[in-house]
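Trainee: One structure follows; several queries about it will come next.
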Amino acid sequence: MLIGTIAAGSVLAEVAPTRVWALELAHLSTQEGATLIAFGKVLDPHKKLDTAVYALLAKDLDAKAGADPAVADQLAKGTAALDAAAAGNFADAGDEAKLRAVKSLEGTPFFATVRGQCIHSLYDNEMAFAHFGYPGPSRKQGGSIRRGFNDLTWLPSPPDSASPTSPAQICSIGP
Numbered sequence: 061m062l063i064g065t066i067a068a069g070s071v072l073a074e075v076a077p078t079r080v081w082a083l084e085l086a087h088l089s090t091q092e093g094a095t096l097i098a099f100g101k102v103l104d105p106h107k108k109l110d111t112a113v114y115a116l117l118a119k120d121l122d123a124k125a126g127a128d129p130a131v132a133d134q135l136a137k138g139t140a141a142l143d144a145a146a147a148g149n150f151a152d153a154g155d156e157a158k159l160r161a162v163k164s165l166e167g168t169p170f171f172a173t174v175r176g177q178c179i180h181s182l183y184d185n186e187m188a189f190a191h192f193g194y195p196g197p198s199r200k201q202g203g204s205i206r207r208g209f210n211d212l213t214w215l216p217s218p219p220d221s222a223s224p225t226s227p228a229q230i231c232s233i234g235p
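Remember, our numbering sits 60 above the position in the sequence shown when you count from 1.
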């Protein structure tokens with residue numbers, strides 16, 4: 061079981077049900093979970109993104125390991141390879157050793173499995189939405205047209221020169 065705390069000043073402290081989180085793994089060991097969290101931080105580094113969000117990666121991969129023995133074996137061998145490439149414990153290794161270890165596994169099925177899951181686990185959840193300032197999917201809120209499809213307050217406004225000024229420019233095709 062992995063246990064952590066969400067920082068009080070974090071955006072996540074506002075949306076998380078509690079500041080303390082625990083990750084119970086049913087199919088992976090605590091060491092494998094810690095290695096996968098650290099691997100996720102190398103693959104998609106965000107200095108201010110709390111570890112609780114990265115823990116979702118380990119949770120989701122744990123579920124996949126429970127559903128498919130081949131995935132469980134792949135994750136066990138892959139995390140062991142990361143530890144070996146980092147000359148010990150990948151999760152505790154320095155940044156350069158972690159990067160070298162990750163690069164040594166680039167192109168392997170393990171790398172592809174974790175990378176693919178990392179994209180979904182890290183960016184498709186309420187905590188990540190809050191961290192990045194994304195208001196979330198509009199479907200639950202009546203769709204983007206009813207909600208204001210152009211209310212992107214979380215992005216800077218484009219300059220006026222980026223918009224066409226005449227009907228001919230709007231309808232033109234090509235240069």
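Here a beta-carbon is modelled for each residue, glycine too, at the ideal position from N, C-alpha and C.
These numbers were taken from a predicted model, which means no experiment stands behind them.
#1: Which same chain residues end up closer than 7 Å to PRO169 when comparing Cβ atoms and leaving out the 5 residues on each side of it in sequence?
#2: At what residues does the alpha helix (DSSP H) containing TYR194 begin and finish?
#3: Verify whether the separation of the beta carbon atoms of LEU165 and ASP122 is less than 8 Å.
#4: Going by DSSP in three states, LEU5 sits in which element: helix, strand or coil?
#5: Find out if the Cβ-Cβ distance for the pair LEU117, GLY100 is shorter than 8 Å.
#6: Reducing DSSP to helix, strand and coil, say where LEU215 ends up.
#7: Mapping the DSSP letters down to three states, classify LEU88 as helix, strand or coil.
#8: Relative to the C-alpha of VAL174, which residue among ALA115, LYS107, LEU83 is closest?
#9: Within 10 angstroms of its Cβ, does SER181 collect 16 or more other Cβ (buried), or is it exposed?
#10: Can you tell me which of VAL113, LEU103, ALA94, ILE97 puts its alpha carbon nearest to the alpha carbon of HIS191?
Mentor: In short, the structure shows the following:
#1: GLN134
#2: Careful: TYR194 lies outside any alpha helix (DSSP H) and carries neither H nor E.
#3: no
#4: For residue 5 there is no data in the structure shown, the boundaries of the chain being 61 and 235.
#5: yes
#6: coil
#7: coil
#8: ALA115
#9: buried
#10: VAL113
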